[in-house]
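Numbering (this note's numbering), first residue to last: 23 to 396.
To start, the structure itself, in structure tokens.
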């Protein structure tokens, strides 16, 4: 009899313990799920590192878009028609007088300071007689052209306004492949259009068919960009400007998945020059270079194809004076790794004449740091 009572008592204690653990576990799960849902509703993406631990990692796409869209403007340019044809007596008699029509083009721009400075593309405003800017709140201003640079396809405008919403400038060097970005502009006259994509590649260049001097190290993205997006913003998930949307590669003239933006670190340098000097002041290294081929890699017994091979050093140039030699391979500029000649060009383009730079090269399979005064 005592054994039966002891057995029943043990069963009761065991059942109560199991019930308590199950109930406690269910409550714990319910609270964790509720907390996660509550935090997501606040516009934050979350990562759960361990059960019940919630850590914010970034703002949402909506936050980034809402911050940046107010700083992106609609740019309308007018090119006045010129009547170069003389009017004859027969034209007057028979009414054959054709009045040339003005050309109107559109694009986008980004407010980079609250006192009315706006960055856009050179090709958007090239040849314009009048530039009109419409803000996100539909207020319209006539803009003056501060400066334009065809080599980077960047132009700076100024409108007479104060206390404008302006975008924060990010760091395009820190962009990572696969990182999410947003493109904001006015494609096909659809103002304040926002698309999303990832960073597909960095340091892209286009073939130079006309032989003109260009500074190209484009950010490639698959965010949809179409005619009218030119000059608009490419922003990261924090809502910071990381590039100015410039071009697409397409067989049809419309978006096919390949969009390109000028890195914001180049944009900073160009716009600062316009504001401080009224023109672009470029540092020149005085070298000819090209990307490392498989043949060069084998010939020099290199372990990687990253860097830029120096084919020629200009006599009397800053590189020659600093001790850089033909056959050197540039792998870093101011401790920033450069994977190809476009990346070298990008880093040099951010510097001013007279500035000091540390150029890291590979010479005879040994790494060497050289100080250059540009």
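Ideal Cβ placement from N, Cα and C applies to all residues, glycine included.
A quick note: this is a predicted structure, and the numbers were derived from the prediction, not measured.
Margin query: In whole angstroms, give me the CA-to-CA distance for residue 11 and residue 127.
Written below: Absent from the model: residue 11. The displayed extent of the chain is 23 to 396, so no value can be given.
Notebook entry, point to check: Does the beta-carbon of residue 369 have 16 or more other beta-carbons within 10 angstroms, so that it is buried, or is it exposed?
Noted result: As a first step, residue 369 must be located in the chain shown, where it is residue number 347. The residue is buried, with at least 16 neighbouring Cβ atoms inside 10 Å.
Notebook entry, point to check: Could you give the residue range of the alpha helix (DSSP H) that holds residue 295?
Noted result: Along the chain shown, one-based indexing puts residue 295 at 273. Residue 295 -> alpha helix (DSSP H) spans 286-299.
Next item on the list: Identify whether residue 255 lies in helix, strand or coil by the three-state DSSP scheme.
Entry: Translated into positions along the chain shown, residue 255 becomes position 233. The answer is strand: DSSP assigns residue 255 an E or B state.
Check: What does a CB cutoff of less than 6 Å around residue 394 pick up in its chain, not counting 5 residues either side in sequence?
Finding: Position 372 of the chain shown, counted from the first residue, corresponds to residue 394. Excluding positions up to five away in sequence, the list reads 340, 344, 379, 381.
Next item on the list: Confirm the yes/no value for this check: CB of residue 132, any heavy atom of the ligand MN, distance under 7 Å.
Entry: Of ligands this structure carries none, so the ligand MN is not represented either.
Next item on the list: Give the straight-line distance between the Cα atoms of residue 89 and residue 262, rounded to the nearest whole angstrom.
Entry: Working through the chain shown from its first residue, we reach residue 89 at position 67. Working through the chain shown from its first residue, we reach residue 262 at position 240. Cα-Cα distance, rounded: 9 Å.
Note to self: So, with DSSP's three-state summary, where would you put residue 388?
What the structure shows: For the purposes of this step, residue 388 is taken as residue 366 along the chain shown, with counting starting at 1. Shown here, residue 388 sits in a strand according to DSSP, grouped into three states.
Next item on the list: Have a look at residue 363 and residue 185 and give me their C-alpha separation to the nearest angstrom.
Entry: Residue 363 sits at position 341 when you count from the first residue of the chain shown. Residue 185 sits at position 163 when you count from the first residue of the chain shown. Their Cα atoms are separated by approximately 41 Å.
Item checked: Within the stretch 162-245, ranges of the alpha helix (DSSP H) (whole runs, at least 4 residues) -> Listed in chain order, nothing qualifies, since the stretch 162-245 has no complete alpha helix (DSSP H) run of 4 or more residues.
Note to self: Bridge partners for residue 125 per DSSP, in chain order?
What the structure shows: Walking along the chain shown from the start, residue 125 turns up at place 103. The partner list for residue 125 (beta bridge, DSSP) reads 101.
Margin query: Spatial neighbours of residue 165 within its chain, please: C-beta separation below 6 Å, excluding the five flanking residues on both sides.
Written below: To locate residue 165, count along the chain shown from 1; it is residue 143. Contacts found: 153, 155, 179, 181.
Checklist line | beta strand (DSSP E) segment containing residue 134, residue limits | finding: Translated into positions along the chain shown, residue 134 becomes position 112. No beta strand (DSSP E) holds residue 134; DSSP gives it neither H nor E.
Check: Does the separation of the CB atoms of residue 325 and residue 251 fall below 8 Å?
Finding: On the chain shown, residue 325 is found 303 positions in, with the first residue counted as 1. On the chain shown, residue 251 is found 229 positions in, with the first residue counted as 1. Not in contact: residue 325 and residue 251 (Cβ atoms no closer than 8 Å).
Next item on the list: Specify, as a first and last residue, the run of the beta strand (DSSP E) that residue 143 falls within.
Entry: Position 121 of the chain shown, counted from the first residue, corresponds to residue 143. Looking at the DSSP string, the run of the beta strand (DSSP E) that includes residue 143 is 139-143.
Notebook entry, point to check: Which residues in the same chain as residue 175 place their Cβ atom closer than 7 Å to its Cβ, once the five residues preceding and following it in sequence are excluded?
Noted result: For the purposes of this step, residue 175 is taken as residue 153 along the chain shown, with counting starting at 1. Counting only residues of its own chain and dropping the five nearest sequence neighbours on each side, residue 175 has a CB closer than 7 Å to the CB of 143, 144, 145, 268, 284.
Next item on the list: Determine the direct distance from the alpha carbon of residue 122 to that of residue 247, and round the result to whole angstroms.
Entry: Taking the chain shown and counting its residues from 1, the one referred to as residue 247 is at position 225. Taking the chain shown and counting its residues from 1, the one referred to as residue 122 is at position 100. Looking at the two C-alpha atoms, the distance is approximately 32 Å.
Checklist line | Residue nearest to residue 311 in terms of C-alpha spacing, selected from 332, 249, 349 | finding: Taking the chain shown and counting its residues from 1, the one referred to as residue 311 is at position 289. When only C-alpha atoms are compared, the closest one is 332.
Margin query: Since residue 230 and residue 236 should fall inside the 8 Å C-beta cutoff, what is the C-beta to C-beta distance between them, to a whole number of angstroms?
Written below: Numbered from its first residue, the chain shown carries residue 230 at position 208. Numbered from its first residue, the chain shown carries residue 236 at position 214. At roughly 6 Å, the Cβ-Cβ gap stays under 8 Å, so residue 230 and residue 236 are in contact.
Check: Taking the C-alpha atoms as reference points, what is the distance between residue 296 and residue 134?
Finding: To locate residue 296, count along the chain shown from 1; it is residue 274. To locate residue 134, count along the chain shown from 1; it is residue 112. Cα-Cα distance, rounded: 13 Å.
Notebook entry, point to check: Between 241, 384, 388, which lies nearest to residue 365 when the distance is taken from Cα to Cα?
Noted result: As a first step, residue 365 is located in the chain shown; it is residue number 343 there, counting from the start. Proximity to residue 365 across 241, 384, 388 peaks at 241, based on C-alpha coordinates.
Margin query: Am I right that residue 264 and residue 203 are in contact with their C-beta atoms under 8 Å? What's the rounded C-beta distance?
Written below: The count along the chain shown starts at 1 and reaches residue 264 at position 242. The count along the chain shown starts at 1 and reaches residue 203 at position 181. 7 Å between Cβ atoms; contact.
Note to self: Short of 7 Å in beta carbon distance, which residues of its chain neighbour residue 294, apart from the five on each side in sequence? Order them along the chain.
What the structure shows: The residue labelled residue 294 in the question sits at position 272 within the chain shown. Excluding positions up to five away in sequence, the list is empty.
Checklist line | Contact set for residue 215: own chain, Cβ-Cβ below 6 Å, skip 5 residues either direction | finding: What you label residue 215 is simply residue 193 of the chain shown in a count that begins at 1. Correct list, in chain order: 209.
Note to self: In the DSSP output, which residue or residues are listed as bridge partners for residue 379?
What the structure shows: Taking the first residue of the chain shown as 1, we reach residue 379 at position 357. Partner(s): 394.
Notebook entry, point to check: Quick one: what does DSSP say residue 313 is sitting in, helix, strand or coil?
Noted result: Working through the chain shown from its first residue, we reach residue 313 at position 291. In the structure shown, residue 313 sits in a strand (DSSP, three-state: E or B).
Next item on the list: List the residues that DSSP assigns as beta-bridge partners of residue 96.
Entry: Position 74 of the chain shown holds residue 96. DSSP output for residue 96 lists 130, 156 as bridge partner(s).
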